[in-house]
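Every position in the sequence shown, counted from 1, becomes a number in this note's numbering once 4 is added.
Here a beta-carbon is modelled for each residue, glycine too, at the ideal position from N, C-alpha and C.
Here the structure is a predicted model, which means the values were calculated and not measured.
For reference, the structure is listed below as structure tokens.
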Amino acid sequence: MIRVALCGARGRMGRRLAELVSDSDDLSLSAILERPEHPELGGEFHGLRLGSDLAGALDKSDCLLDFSLPDGIEKRVAACAEAGVSFVSGITGLSDERQRALDRAAEKIAVVWAPNMSRGVYVLGRLVELAAGLLSDYHAEIFEIHHAGKADSPSGTAYALAEAIAARREGAETVYGRQSKRQPGEIGISAARGGDVVGEHQVMFLAAGEQVILTHRATSRDHFCRGALDAVRFAAKAKAGRYTMKDVFGGE
């Protein structure tokens, strides 16, 4: 049984993750964590008291599953490295400095980070990379829409899709929220926020007389959550290192 401490346990993703871990046959919820000022701190959920003591949670856990906020992720992953506890996170909007903190921790523990842990989005990324190479002279545009409460824009997934295109196109440059005429080699990203949209990403390859449009549309968070739990299972057995969902899903 893999013991999972869940950070950000009362957020949109955290609530569903807690339910799925509790219902799992091979995972157990060892601790549920939130920020010290959280209004529900001290309440009981899934038979556990919601707390903020990270060190105490790590003492009884095999993996920290972090779906909280970017602030403090450096301290959380460093604490995991010190305790020998693997770290899995889908937090988006991480700065280069915070990514380097994950790199440092990965010298001691398994670290899995991805802006989107859905198997469908992983497949979308593979298809986008293939199309970007085969349709190298087509204009590339990315559009994404999420619920009104999403904190970051564009989404981390949109950034990752742009990187997949750029990997196949030398000299490509990303443009956010286009306001002028397209220039050669640009990858456009635009975003919308509203309602309760779980998430949708469209990657468009556009040429005169032809359009190739690849779309992923999420209608619930369960696929993201199940991918995150697959990442936990992977990280619990993996040696120290930095991993992505390509490693988790065994992609070539």
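Only counting the same chain, and skipping five residues up and downstream in sequence, which positions put a Cβ closer than 7 Å to that of residue i?
{"i": "ALA59", "result": "ALA83"}
{"i": "ARG182", "result": "GLY192 and SER194"}
{"i": "VAL201", "result": "ILE149, HIS150 and HIS151"}
{"i": "ALA244", "result": "ALA110, GLU111, LYS112, ILE113 and ALA114"}
{"i": "LEU139", "result": "PHE209 and VAL216"}
{"i": "LEU106", "result": "VAL81, VAL115, TRP117 and ARG246"}
{"i": "ARG108", "result": "none"}
{"i": "PRO74", "result": "ILE95, GLY97, LEU98 and ARG102"}
{"i": "LEU131", "result": "LEU218"}
Expressed to the nearest angstrom, what Euclidean distance is found between the alpha-carbon atoms of residue i and residue j?
{"i": "ILE193", "j": "GLY254", "result": "29 Å"}
{"i": "GLY47", "j": "LEU37", "result": "11 Å"}
{"i": "GLU23", "j": "SER224", "result": "14 Å"}
{"i": "ARG246", "j": "LYS112", "result": "10 Å"}
{"i": "GLN103", "j": "VAL125", "result": "21 Å"}
{"i": "VAL216", "j": "MET208", "result": "6 Å"}
{"i": "ARG39", "j": "CYS229", "result": "21 Å"}
{"i": "GLY198", "j": "ARG7", "result": "36 Å"}
{"i": "ARG20", "j": "VAL92", "result": "16 Å"}
{"i": "VAL252", "j": "HIS227", "result": "14 Å"}
{"i": "GLY15", "j": "ASP57", "result": "18 Å"}
{"i": "GLN206", "j": "MET5", "result": "38 Å"}
{"i": "LYS185", "j": "ALA144", "result": "14 Å"}
{"i": "ALA212", "j": "GLN187", "result": "16 Å"}
I need the DSSP call for residue i, collapsed to helix, strand or coil.
{"i": "VAL115", "result": "strand"}
{"i": "ALA61", "result": "helix"}
{"i": "PHE253", "result": "helix"}
{"i": "PHE147", "result": "strand"}
{"i": "VAL89", "result": "coil"}
{"i": "GLY55", "result": "strand"}
{"i": "GLU78", "result": "helix"}
{"i": "GLY198", "result": "coil"}
{"i": "GLY192", "result": "strand"}
{"i": "PHE71", "result": "coil"}
{"i": "GLY12", "result": "coil"}
{"i": "ALA176", "result": "coil"}
{"i": "SER32", "result": "strand"}
{"i": "GLU214", "result": "strand"}
{"i": "TYR126", "result": "helix"}
{"i": "MET17", "result": "helix"}
If you check the beta carbons only, do residue i and residue j fall under 7 Å apart?
{"i": "MET121", "j": "PHE71", "result": "no"}
{"i": "GLU44", "j": "LEU52", "result": "no"}
{"i": "ALA85", "j": "LEU62", "result": "no"}
{"i": "LEU149", "j": "GLU204", "result": "The question names Leu, but residue 149 in the sequence shown is Ile. Closer than 7 Å, so yes."}
{"i": "LEU3", "j": "HIS220", "result": "Look at the range of the chain in this structure, 5 to 256, and you will see that residue 3 is not part of it."}
{"i": "GLY94", "j": "ALA232", "result": "yes"}
{"i": "LEU210", "j": "TYR142", "result": "yes"}
{"i": "ALA222", "j": "ARG172", "result": "no"}
{"i": "VAL179", "j": "GLU190", "result": "yes"}
Residues in the same chain with beta-carbon distance under 6 Å from residue i, minus the five sequence neighbours each way, listed in chain order, please.
{"i": "ALA162", "result": "ILE146, GLU148 and ILE193"}
{"i": "VAL89", "result": "LEU62, SER65 and LEU68"}
{"i": "HIS50", "result": "ALA22, SER26 and LEU33"}
{"i": "GLY12", "result": "GLY18, PHE71 and SER72"}
{"i": "ALA164", "result": "PRO119"}
{"i": "LYS79", "result": "none"}
{"i": "ALA9", "result": "SER34, ALA35, ALA61, SER65 and LEU68"}
{"i": "ALA176", "result": "ALA170, GLY189 and ILE191"}
{"i": "GLY160", "result": "THR96 and PRO119"}
Quick one: what's got a C-beta closer than 8 Å to residue i's C-beta in the same chain, skipping five residues either side?
{"i": "LYS250", "result": "TYR126"}
{"i": "GLU257", "result": "This structure cannot settle anything about residue 257, because the visible part of the chain is limited to 5 through 256."}
Inter-stretch contact (C-beta, 8 Å, three-pair minimum) for the segment 227 to 242 and the segment 14 to 31: Contact check between the segment 227 to 242 and the segment 14 to 31: three or more CB pairs, one atom from each, fall below 8 Å, which counts as touching.
At least 3 beta-carbon pairs within less than 8 Å: the segment 105 to 117 vs the segment 154 to 162: The segment 105 to 117 makes no contact with the segment 154 to 162; the number of CB pairs closer than 8 Å stays below 3.
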